[in-house]
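Per our numbering, the very first residue in the sequence shown carries number 4; after that it's consecutive.
Down below is the structure, laid out as structure tokens.
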Amino acid sequence: MRKYKRNMKKIIIALYALIVIVLGGATFVEHSYGRDFALQHIYGAWWFSLLWALLAAFGVAWIVKRRMRRWPILLLHASFVLILAGALLTHLTSKQGVIHLRMGVTTDEYYEAATETGMRVAHLPFQLRLESFNIIYHEGTQAAADYETHFTIIEGQQQTEARVSMNNIFSHRGYRLYQSSYDEDQRGSVLAMNADPWGIPVTYVGYALLFFSLVYMLIDPRGTFRRLLRSPLLQRAALLILIFHCSLFTCRAAAPTLPREQADAFARLHILYNDRICPVETYALDFTKKLYGKRHYGSYSATQVLLGFIFWGDEWSKEPIVKVKRGDLKSQLDLPTYCSVDFFFNEAMGGYIIGPYLKEYYNGQQDGFHKQAAQIDEKLSLVMDLRRGTPLKLFPANASSWIAPTDALPAGISPADSTYITTVFNNLYQDALSGNYAHFGQIVKTISDYQQKHGAASLPTATKDKAEHLYNHIPFATILFMFNLTLGFLALFCCIWMMTRQKKSSKKWETTGNILLLISFLALTFCIALRWIAKGTIPMSNGYETMLITAWFVMAITLLSTLYSPLSTLSSLLLTFGFLLSGFFLLVSHISQMDPQITHMMPVLNSPLLSLHVSIIMMSYALVSLTFICGIVALLLKGISKLRGHREKTSIATQMESLAVLSRIFLYPALTTMGLGIFIGAIWANVSWGNYWSWDPKETWALITFMVYAVVVHTQSLPVFRRPMVYHVYMVLAFLTILMTYFGVNYFLGGMHSYV
4 MRKYKRNMKK IIIALYALIV IVLGGATFVE HSYGRDFALQ HIYGAWWFSL LWALLAAFGV
64 AWIVKRRMRR WPILLLHASF VLILAGALLT HLTSKQGVIH LRMGVTTDEY YEAATETGMR
124 VAHLPFQLRL ESFNIIYHEG TQAAADYETH FTIIEGQQQT EARVSMNNIF SHRGYRLYQS
184 SYDEDQRGSV LAMNADPWGI PVTYVGYALL FFSLVYMLID PRGTFRRLLR SPLLQRAALL
244 ILIFHCSLFT CRAAAPTLPR EQADAFARLH ILYNDRICPV ETYALDFTKK LYGKRHYGSY
304 SATQVLLGFI FWGDEWSKEP IVKVKRGDLK SQLDLPTYCS VDFFFNEAMG GYIIGPYLKE
364 YYNGQQDGFH KQAAQIDEKL SLVMDLRRGT PLKLFPANAS SWIAPTDALP AGISPADSTY
424 ITTVFNNLYQ DALSGNYAHF GQIVKTISDY QQKHGAASLP TATKDKAEHL YNHIPFATIL
484 FMFNLTLGFL ALFCCIWMMT RQKKSSKKWE TTGNILLLIS FLALTFCIAL RWIAKGTIPM
544 SNGYETMLIT AWFVMAITLL STLYSPLSTL SSLLLTFGFL LSGFFLLVSH ISQMDPQITH
604 MMPVLNSPLL SLHVSIIMMS YALVSLTFIC GIVALLLKGI SKLRGHREKT SIATQMESLA
664 VLSRIFLYPA LTTMGLGIFI GAIWANVSWG NYWSWDPKET WALITFMVYA VVVHTQSLPV
724 FRRPMVYHVY MVLAFLTILM TYFGVNYFLG GMHSYV
């Protein structure tokens, strides 16, 4: 019997590992060969379903053989069986397709995927007739806020009026209809259709049961999590280090520009930028950061830089303001870190010196050398566009569009307004060059009055303006990452000093640390609130914003943990963790390629379910990051024990065990929030696209992450994870799945969930 159990356990482990490997490999296959190939040959293949079925069958058999009687654990594993059963029902019984509607045309046809023929025509049990299709724009812009389709459902003599839009579905007789696309002439609409009467209910019951079981796992008085909270080993936890690097570079600017007072007045004007109406200073900041890599150029503000290029283009083209990042092109051509615009236009070298490399890039040579040439060309294009006046969309032409002075004027503009738009910048130019700054300010005031008169409905409110102005003037991420990492570094030395001298944590330090972390937390909260007000939606739609949210959750969790922790040593440890981890996430947002620009959210993303989904997932990532830090510290302590000799081994072993206890305390709520986040994400996907699981790379890697981290809670079946060293090594390696889920998918694999 014992041998039979061992063999069964080996089979389960092998199946589990094989599925994780297949899932990970499938995302790379999809990246190389396309989504349809992966769906047909992997996710939709019979052997893939068989692997899951075998894992479920052997898992149930293992539970029966072990005579498991604890109902919370039974419910938890039953939820996985239900989820798999629901997925199988969806695969076998659901109908999916697209319906193309044209204005006034009645149809009952939809197109569904067919493995052999590509698409085939099928029929609905009712007919549809398109009545109207509308695109709703954000006020004053051409950025879509929503798409609406109004249609009629016809069944014999009965007619039912219906409407669908993004995140608003219409259900009829078990068929759910979603807004998918539309025809360019806006007289046609494409609806997605899904009919899954069996799979979705069963899957949702499984998800709900999973969430209930995971939450109960945290509150069960007999559960492992509650026992860990009572462990005396928490009094002996220890910590190590994360290192940061920040280099500063300043430049003395000498090119002419407007004084700060006039530049600030111009900065308060509004402009159509990134498909939204915002202050000019927002555009100026993005222009300067993209060009120079910083928010200012020497002593010149971003708006002074922008105005310098507008009115003194020749002089500013000689300034070394174009930052060239390290890369193949920089090293092979021996380029300086900062070049002027004119540097790249050299008649003796044939004109545009990177022109031949760009041609090779667009002909398919997209290695590091040619990609860097394309990146430099993008920066130079910003200047060329500005010289043509293309981005300066300062003048409201009608209720839905703003134009630049060099744009073709739409019909309906009065001769007086037409003359004003086409001549106002010439007047500004004359005043700027002659130094008539008082008159320059008066002209800027007339532009502001023109905007108020002709575009008042599309202008942001005074509250939004103030919020964006304040957000633009305070580099929150830069200040806070330096503040948090510096304090985390100091706290690290304090912990090491107390550990080496076997002293208890100081209550004074804990109080001071909590106050400082609270100040940082409130500052980040203020930053997120300002961005929320300026944007109009909760800031969770790109990588930069989710890094801010993750740092916010780390600090919130730390403050709550130290508040309710009765152990002073644990409080000091958590404070150090909080400073270092939040500083790390803020540092990533500061130095990475994430785009901090404020833009309108895509209509399909404008859903409260998305905000909830991202928030909870980010919370789980923050908690899992703490387990990673515990693992890193434990491995470093192990190295210290080898250097110090045998006398320290007993103490180090105890500390490693303490870190394992602390890590598990973070792991259990991490799994709970991860499971809930996946569940809410599935509901959102079902509401938005009609499919709760589509094997998108982000979804797949989220599942892989959940499966990988779930392994170490099975200490009864896998006693090897009771050994602290094995546990910590596994947790450090497991964190690679988090990095892949967040960064690898976003910036390599792509997919619907990638931040671009």
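We treat Cβ as the ideally placed atom computed from N, Cα and C, and that holds for glycine.
All of these numbers come straight from a predicted model, not from anything done at the bench.
#1: Is it right to say Val67 is buried, meaning 16 or more other beta carbons lie within 10 angstroms of its own, or is it exposed?
#2: As a quick exercise: from Tyr671, Leu590, Leu583, Gly678, pick the residue whose alpha carbon is nearest that of Val636.
#3: Could you name the residues of the same chain whose beta carbon sits closer than 6 Å to that of Leu670, not counting the 5 residues immediately before and after it, in chain order?
#4: What residue from Lys469, Ala494, Thr489, Phe580 has the CA that sits closest to Val537's CA?
#5: Are the CB atoms of Leu194 and Thr260 nearer to each other than 8 Å?
#6: If you draw a straight line from the alpha carbon of Arg390 to that of Gly296, how long is it in whole angstroms?
#7: Note down the Cα distance separating Val627 from Leu127, rounded to an integer number of angstroms.
#8: Tell me, please, whether the region 180-190 touches the region 212-222 by the rule of three or more beta-carbon pairs shorter than 8 Å.
#9: Applying the 10 Å Cβ sphere with the 16-neighbour rule, what's the burial state of Val308?
#10: Identify, in the order they occur along the chain, each residue of the same chain with its Cβ nearer than 7 Å to the Cβ of Ser421, setting aside the five sequence neighbours on each side.
#11: Look up Glu548 in the DSSP assignment and give the residues it is bridged to.
#12: With 16 as the cutoff for other CB atoms within 10 Å, does Val325 come out buried or exposed?
#13: Between the alpha carbons of Leu95 and Leu57, how many angstroms are there, rounded?
#14: Would you check if the region 325-344 and the region 298-306 touch, i.e. whether three or more CB-CB distances between them fall below 8 Å?
#15: I'd like to confirm something about Val84: is its beta-carbon nearer than 7 Å to some heavy atom of the ligand PLP, or not?
#16: Are the region 481-491 and the region 432-445 in contact at 8 Å, needing three or more beta carbon pairs?
#17: Entirely within the region 265-346 and at least 3 residues each: give me those beta strand (DSSP E) ranges in chain order.
#18: Give the DSSP bridge partners of Gln162, in chain order.
#19: Just the C-alpha distance for Met220 and Met710, rounded to the nearest angstrom, thanks.
#20: Is the beta carbon of Leu272 closer than 8 Å to that of Val283?
#21: Specify the secondary structure class of Leu665 as computed by DSSP and reduced to three states.
#22: Are Ile620 and Met558 closer than 8 Å when you measure CB to CB?
#23: Pick helix, strand or coil for Val759, following the three-state DSSP scheme.
#24: Tell me whether Ile139 sits in a helix, a strand or coil according to DSSP, three-state version.
#25: Rank Thr565, Glu164, Thr466 by C-alpha distance to the C-alpha of Trp535 and give the top, closest one.
#26: Can you tell me the Cβ-Cβ gap for Tyr364 and Phe398, rounded? I've got them flagged as a contact below 8 Å.
#27: May I ask you to report which of helix, strand or coil DSSP gives Trp535?
#28: Excluding the 5 residues preceding and the 5 following Cys249 in the sequence, name in chain order all residues of the same chain whose CB lies nearer than 6 Å to its CB.
#29: Specify, as a first and last residue, the run of the alpha helix (DSSP H) that Met474 falls within.
#30: What's the gap between the Cα of Ile683 and the Cα of Thr206?
#31: Would you kindly work out how many angstroms separate the C-alpha atoms of Ser52 and Tyr46, rounded to a whole number?
#32: In chain order, what residues of the same chain lie with their CB nearer than 8 Å to the CB of Ala407, ignoring the 5 residues before and after it?
#33: Give me the Cβ distance between Leu707 and Tyr695, rounded to the nearest whole Å; I'm assuming they're in contact under 8 Å.
#34: Contact between the region 72-82 and the region 24-37 is defined here as three or more beta-carbon pairs at a separation below 8 Å; is this criterion met?
#35: Could you work out which residue in Phe173, Thr409, Val716, Val344 is closest to Leu383 when comparing CA atoms only?
#36: What distance in whole Å lies between the Cβ atoms of Leu638 and His717, which are believed to be in contact at a cut-off of 8 Å?
Walking through what the data contain:
#1: Val67 counts as exposed, since fewer than 16 other C-beta atoms from the protein chains shown sit within 10 angstroms of its C-beta.
#2: Considering only alpha carbons, the answer is Leu583.
#3: Within the same chain, Leu670 has close Cβ partners Thr630.
#4: Checking the sequence, you will find Ala at residue 537 rather than Val. Ala537 has its Cα closest to that of Lys469, out of Lys469, Ala494, Thr489, Phe580.
#5: For Leu194 and Thr260, no; Cβs fall outside 8 Å.
#6: When rounded, the separation of the alpha-carbon atoms in Arg390 and Gly296 is 20 Å.
#7: Val627 and Leu127: Cα-Cα distance of roughly 47 Å.
#8: The region 180-190 is not in contact with the region 212-222.
#9: With 16 or more other Cβ atoms inside 10 Å of its own Cβ, Val308 counts as buried.
#10: Leu412, listed in sequence order.
#11: In the DSSP assignment, Glu548 forms no beta bridge with any residue.
#12: With 16 or more Cβ atoms within 10 Å of its Cβ, Val325 is classed as buried.
#13: Cα to Cα, the separation comes out at about 18 Å.
#14: Taking 8 Å as the limit for Cβ pairs, the verdict is that the region 325-344 does not touch the region 298-306.
#15: The model on display carries no ligand, and the ligand PLP is accordingly not part of it.
#16: Verdict: no, contact absent.
#17: Runs of the beta strand (DSSP E) lying entirely within the region 265-346, each at least 3 residues long, are 273-276, 279-282 in chain order.
#18: Answer by DSSP bridge pairing, in chain order: Ile157.
#19: Each residue's Cα considered, the two are about 17 Å apart.
#20: In this structure, Leu272 lies closer than 8 Å to Val283 by Cβ.
#21: Here Leu665 sits in helix by DSSP.
#22: It is not a contact, given that the beta carbons lie outside the stated cut-off.
#23: With a pLDDT of only 37 at Val759, under the threshold of 50, the placement of this residue in the model should not be trusted; the figure read from the coordinates follows. DSSP places Val759 in coil when its eight states are reduced to three.
#24: Strand at Ile139.
#25: Measuring from the Cα of Trp535, the nearest candidate turns out to be Thr466.
#26: About 36 Å separates the beta carbon of Tyr364 from that of Phe398, a gap too long to meet the 8 Å contact definition.
#27: If DSSP states are grouped into helix, strand and coil, Trp535 belongs with the helices.
#28: With a pLDDT of 31 at Cys249, under the threshold of 50, the modelled position of that residue is not reliable, and the figure given next carries that caveat. Correct list: empty, nothing qualifies.
#29: The identity of residue 474 in the sequence shown is Tyr, whereas the question assumes Met. That run of the alpha helix (DSSP H) goes 465-476.
#30: The alpha-carbon atoms of Ile683 and Thr206 are separated by roughly 12 Å.
#31: Computed Cα separation, rounded: 8 Å.
#32: Annotation for Ala407: Gly392, Thr393, Pro394, Leu395, Lys396, Leu397, Phe398 place their beta carbon closer than 8 Å to its own, counting only its chain and skipping 5 residues before and after.
#33: Correcting the residue identity first, residue 707 is Ile in this sequence and not Leu. 18 Å between Cβ atoms; not a contact.
#34: In the pairwise beta carbon analysis, the region 72-82 is classified as not touching the region 24-37: fewer than three pairs are separated by under 8 Å.
#35: The option with the nearest alpha carbon to Leu383 is Val344.
#36: Taking C-beta atoms under 8 Å as the contact rule, His717 and Leu638 fail to qualify, at a distance of about 22 Å.
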